[in-house]
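These protein sequence lines are chains A and B, in that order. For the first sequence, my numbering assigns the number 1032 to the initial residue and increments by one for each residue that follows. For the second sequence, my numbering assigns the number 1032 to the initial residue and increments by one for each residue that follows. Glycine included, every Cβ here is placed at the ideal spot set by N, Cα and C. Contents: one structure, followed by commentary.
2 protein chains.
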Amino acid sequence: MKRLVALLFFFLTANNSLAETPVKELQKTAKSLFGIIPAKEKLPDKTTLEQIELGRKLFFDYRLSKDGSTACVRCHQPQFYSTDRLPQSMGFNNNKGARNAQSILNLKHQTIVHWRFDRTSLEEQALKAFTTPLSLGNSSVEESLARLRGAGYTSLFTRAFPKSSNALSLENAAVALGQYQRSLTTRAPFDRFLEGDTKAISLDAQKGLRTFIDVGCVSCHNGPAVGGRSLQKFGVFQNYWNLTQAPNPDKGRFEVTQKEEDLYVFKVPSLRNISETAPYFHDASTSDLRTAIRWMGKLQLNKDLSDEQVQLIKTFLESLKGELPKNYREAPELTSESYAGPNL
Amino acid sequence: MKRLVALLFFFLTANNSLAETPVKELQKTAKSLFGIIPAKEKLPDKTTLEQIELGRKLFFDYRLSKDGSTACVRCHQPQFYSTDRLPQSMGFNNNKGARNAQSILNLKHQTIVHWRFDRTSLEEQALKAFTTPLSLGNSSVEESLARLRGAGYTSLFTRAFPKSSNALSLENAAVALGQYQRSLTTRAPFDRFLEGDTKAISLDAQKGLRTFIDVGCVSCHNGPAVGGRSLQKFGVFQNYWNLTQAPNPDKGRFEVTQKEEDLYVFKVPSLRNISETAPYFHDASTSDLRTAIRWMGKLQLNKDLSDEQVQLIKTFLESLKGELPKNYREAPELTSESYAGPNL
Chain A
1032 MKRLVALLFF FLTANNSLAE TPVKELQKTA KSLFGIIPAK EKLPDKTTLE QIELGRKLFF
1092 DYRLSKDGST ACVRCHQPQF YSTDRLPQSM GFNNNKGARN AQSILNLKHQ TIVHWRFDRT
1152 SLEEQALKAF TTPLSLGNSS VEESLARLRG AGYTSLFTRA FPKSSNALSL ENAAVALGQY
1212 QRSLTTRAPF DRFLEGDTKA ISLDAQKGLR TFIDVGCVSC HNGPAVGGRS LQKFGVFQNY
1272 WNLTQAPNPD KGRFEVTQKE EDLYVFKVPS LRNISETAPY FHDASTSDLR TAIRWMGKLQ
1332 LNKDLSDEQV QLIKTFLESL KGELPKNYRE APELTSESYA GPNL
Chain B
1032 MKRLVALLFF FLTANNSLAE TPVKELQKTA KSLFGIIPAK EKLPDKTTLE QIELGRKLFF
1092 DYRLSKDGST ACVRCHQPQF YSTDRLPQSM GFNNNKGARN AQSILNLKHQ TIVHWRFDRT
1152 SLEEQALKAF TTPLSLGNSS VEESLARLRG AGYTSLFTRA FPKSSNALSL ENAAVALGQY
1212 QRSLTTRAPF DRFLEGDTKA ISLDAQKGLR TFIDVGCVSC HNGPAVGGRS LQKFGVFQNY
1272 WNLTQAPNPD KGRFEVTQKE EDLYVFKVPS LRNISETAPY FHDASTSDLR TAIRWMGKLQ
1332 LNKDLSDEQV QLIKTFLESL KGELPKNYRE APELTSESYA GPNL
């Protein structure tokens, strides 16, 4: 809310562009529009730590899928900044998901889950992954629970949920996965810039930041995750498929609500680490960041960005590439049980 | 050869069991039969290090498969000690491999590649994975090369193979993957025991080791990898399917050579980390280590091992669980190109 006020205030009072603003002023403005991912987060308590570690194990565990062929990590791979670089990700039985998988990094600073906001929370998302045949292939709660037990998780759940009378449950698995995902943030040079270090990002990146704010990208891509907190029609000024050439345009949130106002409405994605997470957009219609920036200018702001503007914004976006959390790329130690679920 | 002589000498001169032998004597005998994985390996030269790191990247890179759905690491997962815990692994298009995938750890100390020894070296294995449709889905050299180029590997190959006039080749990719795999060894408490530390493994593990040698397991499972250096008929004293209940017994190496003597002949697998790599045998016919030990006694040695013997051998085998190589569980940094190969 505070940031929304800052945003409104900024747009109502800004008569001139930021192009000539002193850097200290730019930092102050940017800080109010975005927000810092701090160097040190508050250390979670012991139980939360246990839940994070349990969530991490579940995230990497292929034994929880019907045929042992998939796991959360298959679409959100650590070597690819939590994406799989594919237009559409594959779940159980190589089922193709309908949209491009988004990174799970920095979800702590986002409120919208999935492209169409068809999940209200990370926990609901995780819970449904366990029981939606498309994802892990399991078709009932009992089947998912049998896999968790078969893979030796009972004592780990008891430790992570000491107050639960029935610790091993899908609800607790979802809590653990939510805690794990929220623990993953990537502090970037941009954050040091916001904290006052004027040399943390290059002069070109600073120019790109000025442009990003001036042309209006910031009206949607704001907050610490530089997006991820609102829904927006993809193609405000013209149909998006004019540019993306999508053969069967995805109707977006309309399919969830059946409301006219939600036609072609999607999540505004976070731009943190965007240089590492091609292809772009819900339909992966381009893998080129410059093209993505140009399309956004045209579709959302009705602006023909110059090559120089596009390049500067790209340079700014590259300053959002962050440091991966400690151990993020490291697979966890799992129990030694082999695959033991039903219906193998 | 030296170890073969030691083995022969041991069996020819051993009149008594090792049950009552002093521990120092046991260590000496075991050292000659197995071999130590040292605490510090000789540091590879700069070029070899570049090749290892390149191999590591290739190993984790899903972009090298036809549909982006698979990579070496999918069957050899770091969270599962380089296995996937499945009876049969899946490659491109979820094609099931014919046999259980073996760990790539400690291949440096093994000479036999694949269950049927149908590959003469790690390099040949890697080369064929690139062009065998069943594995990564690519059906030609050109297709695999296009994927490597598309994923931005050109400069990495040039750096790792400075003397090659045409650095980016499948042959060099195979060399890099071979180097990477040979760099992965897991030193275990057993190695410290062999070095003279009598407390490195429990008294029960020592009894298990004595039993392992006395009953004859060591005649096949020897060398530093405790196996992996010879082929053997699975079911010397009776058909293996009597015990495993295999519905369609795999003919093993016979399918490769068409020689009668190779009927039901398979690689003697390494037992390093065996407690972490269920299910067992080429057909994954059991996930229970005790059962596997009992079957081996019956099939290969015509011995009905007692429950106590089985338990002691199991305890010994657990002492072969080693420390994973530094960074082994960590996914590497890959280039930021999205999937860009042909035939997506």
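- Straight across, the Cα-Cα distance linking N1137 of chain B with G1227 of chain B is about 22 Å.
- Under the 10 Å beta carbon count, Q1289 of chain A is surrounded by fewer than 16 other beta carbons and is classified as exposed.
- Beta-bridge partners assigned by DSSP to G1283 of chain B: B:V1296.
- When DSSP assignments are scanned along the region 1219-1257 of chain A, the uninterrupted stretches of alpha helix (DSSP H) that are 4 or more residues long and fall wholly within it turn out to be 1220-1225, 1234-1246.
- In the displayed model, V1054 of chain A falls within a helix according to three-state DSSP.
- A buried status is given to T1101 of chain A, since no fewer than 16 other beta-carbon atoms sit within 10 Å of its beta-carbon.
- For the 7 Å CB-CB criterion, S1134 of chain A and G1128 of chain A do not form a contact.
- In this chain, K1077 of chain A is not harboured by any beta strand (DSSP E); it is covered by the alpha helix (DSSP H) spanning 1077-1091.
- Bridge pairing for T1317 of chain A: A:Y1311 [DSSP].
- Less than 7 Å separates the beta-carbon of N1304 of chain B from that of K1352 of chain B.
- Just so you know, the alpha carbons of A1177 of chain A and L1167 of chain A end up roughly 14 Å apart.
- Within the region 1305-1336 of chain B, those residues whose Cβ lies closer than 7 Å to any Cβ of chain A are, in chain order, S1306, E1307, A1309, P1310, S1318.
- For the region 1069-1102 of chain B, the beta-carbon criterion of a distance under 7 Å to any beta-carbon of chain A is satisfied by F1091, Y1093, R1094, G1099, S1100.
- The Cβ of P1109 of chain B sits closer than 7 Å to at least one Cβ of chain A.
- With contacts defined by Cβ atoms closer than 7 Å, Q1331 of chain A and V1246 of chain A do not form a contacting pair.
- Distance from the CA of D1314 of chain B to the CA of L1117 of chain B, rounded to the nearest whole angstrom, comes to 10 Å.
- Distance from the CA atom of E1307 of chain A to the CA atom of S1369 of chain B, rounded to whole angstroms, is 9 Å.
- Taking a contact to require three or more Cβ pairs closer than 8 Å, the region 1159-1173 of chain B and the region 1054-1069 of chain B do not qualify as touching.
- Close to chain B, meaning a Cβ-Cβ distance shorter than 8 Å, are the following residues of the region 1111-1144 of chain A: F1111, D1115, R1116, L1117, P1118, M1121, N1124, N1125.
- Assigned with DSSP and collapsed to three states, T1114 of chain A falls in strand.
- Going by DSSP, K1345 of chain A is part of the alpha helix (DSSP H) stretching over 1338-1349.
- Under the Cβ criterion of 7 Å, L1365 of chain B is counted among the residues facing chain A.
- When rounded, the separation of the alpha-carbon atoms in A1207 of chain B and P1255 of chain B is 23 Å.
- Between the alpha carbons of F1297 of chain B and L1262 of chain A lies a distance of about 58 Å.
- When secondary structure is reduced to three states using DSSP, E1155 of chain B falls in the helix class.
- About 6 Å separates the CB atoms of Q1058 of chain A and L1225 of chain A; that is less than 8 Å, so the two are in contact.
- For R1360 of chain B, the C-beta contacts it makes with chain A under 7 Å involve E1361, A1362, in order along the chain.
- Distance from the CA atom of E1349 of chain B to the CA atom of T1114 of chain B, rounded to whole angstroms, is 17 Å.
- For S1301 of chain B, not one C-beta of chain A is nearer than 7 Å to its own C-beta.
- Just measuring C-alpha positions, the residue of B:Q1141, B:R1094, B:Q1110 sitting nearest F1123 of chain B is B:R1094.
- By alpha-carbon distance to K1264 of chain A, the top candidate from A:S1233, A:T1216, A:K1077, A:R1147 is A:R1147.
- At least 7 Å separates the beta-carbon of R1218 of chain A from that of E1072 of chain A.
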